[in-house]
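Undergrad:
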Ligand code: ADP
Ligand code: MG
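In this note's numbering, the protein residues as written are 19 to 261.
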């Protein structure tokens with residue numbers, strides 16, 4: 019398997035007046051093509067910051083990010099725009115569909131900004147919503163709306179899909195359908211990084227689980243070992259609260 023993403027000693031420091039916040043504090047990891055890496059950890063651990071740096075929405079204070087052999091940390095803002103449009107699919111907690119566009123039109127938005135987009139109808143069918151293409155977001159459930167948002171990101175034909183708590187805003191009965199679509203994507207070989215509190219999903223679908231706390235990757239392992247045999251006291255404590 020080919021190493022696709024390489025994070026090398028990255029930090030992110032936010033300056034708030036006199037105070038420095040070390041949101042990400044010297045982390046390194048790599049992701050092979052087709053891997054699904056799940057990042058778990060308490061609120062404020064730095065998970066979103068890592069995802070935003072991977073997605074070119076934020077830049078590291080120091081360290082290097084390589085994707086497909088290219089040094090993203092050396093990109094200027096124009097190159098970063100291209101990176102976000104052509105290489106990365108991002109799915110957020112709040113799906114932010116355009117309310118006065120249909121499901122299909124929302125997905126078609128992606129076609130306008132990506133240089134090598136997929137067919138919108140085909141992608142809608144992939145997330146199981148081909149028949150709902152003429153519905154407006156308000157006519158769809160939260161789970162269906164999030165599946166449209168996944169389709170919109172997929173239609174940009176990205177190399178890597180990033181998910182930041184994609185099911186956290188959903189009613190519990192809708193979580194499963196969204197995770198199911200993500201699982202299918204993983205089965206199709208998409209390279210994915212998923213921040214989630216869904217430990218069952220992490221255990222079943224992840225190739226590797228990273229535990230972040232205080233801006234550090236405190237522990238990482240393949241899921242079976244990660245959950246059955248946590249080493250660090252902070253991970254043990256975290257798992258005792260969430261499992
Ligand atoms: P998580 O996603 O794990 O909850 P975040 O990556 O959002 O954590 O945040 C990590 C830390 O960085 C937190 O202390 C947060 O308050 C801080 N932080 C995140 N973004 C900013 C910002 N734009 N300015 C200042 N501090 C920030
Ligand atoms: Mg977050």
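Positions of the beta carbon are idealized from the N, C-alpha and C atoms, including for glycine.
Is the closest heavy atom of the ligand ADP to the C-beta of residue 208 under 7 Å?
TA: Numbered from 1 along the chain shown, position 190 holds the residue referred to as residue 208. Relative to the ligand ADP, residue 208 has its C-beta separated by 7 Å or more from all heavy atoms.
Undergrad: In the stretch 148-204, which residue ranges form an unbroken beta strand (DSSP E) of at least 3 residues, counting only runs that do not cross its ends?
TA: 178-182
Undergrad: What alpha helix (DSSP H) runs, 4 residues minimum, are completely inside the stretch 60-94?
TA: 65-72
Undergrad: Taking the Cβ atom as the reference point for each residue, do residue 217 and residue 179 lie within a distance shorter than 8 Å?
TA: The residue you call residue 217 lines up with position 199 of the chain shown. The residue you call residue 179 lines up with position 161 of the chain shown. No, the Cβ-Cβ distance between residue 217 and residue 179 is not below 8 Å.
Undergrad: Mind checking which residues open and close the beta strand (DSSP E) that includes residue 20?
TA: The residue given as residue 20 occupies position 2 in the chain shown. Residue 20 -> no beta strand (DSSP E), and no H or E assigned at all.
Undergrad: Within 7 Å: the Cβ of residue 63 and any heavy atom of the ligand ADP?
TA: Against the chain shown, residue 63 aligns to sequence position 45. Because some heavy atom of the ligand ADP lies under 7 Å away, the Cβ of residue 63 counts as near it: yes.
Undergrad: For residue 317, report the span of its alpha helix (DSSP H) as first-last.
TA: There is simply no residue 317 to check, as the chain begins at 19 and stops at 261 in what is shown.
Undergrad: I'd like to check one pair, residue 229 with residue 182: are the Cβ atoms closer than 8 Å?
TA: Looking up residue 182 in the chain shown gives position 164. Looking up residue 229 in the chain shown gives position 211. Cβ distance not < 8 Å, so residue 182 and residue 229 don't count as in contact.
Undergrad: Let me know if residue 131 comes out buried or exposed under the rule of 16 or more other beta-carbons within 10 Å of its beta-carbon.
TA: Here the question's residue 131 lines up with position 113 in the chain shown. With fewer than 16 Cβ atoms within 10 Å of its Cβ, residue 131 is classed as exposed.
Undergrad: Within its chain, find whatever has a CB closer than 7 Å to the CB of residue 252; leave out the 5 residues flanking it on each side and keep chain order.
TA: As a first step, residue 252 is located in the chain shown; it is residue number 234 there, counting from the start. Only residues of its own chain outside the window of five on either side were considered, and among them 231, 236 have a CB closer than 7 Å to the CB of residue 252, listed in chain order.
Undergrad: How big is the Cα-Cα spacing for residue 195 and residue 92?
TA: One-based indexing of the chain shown puts residue 195 at position 177. One-based indexing of the chain shown puts residue 92 at position 74. Between residue 195 and residue 92, the C-alpha separation is close to 38 Å.
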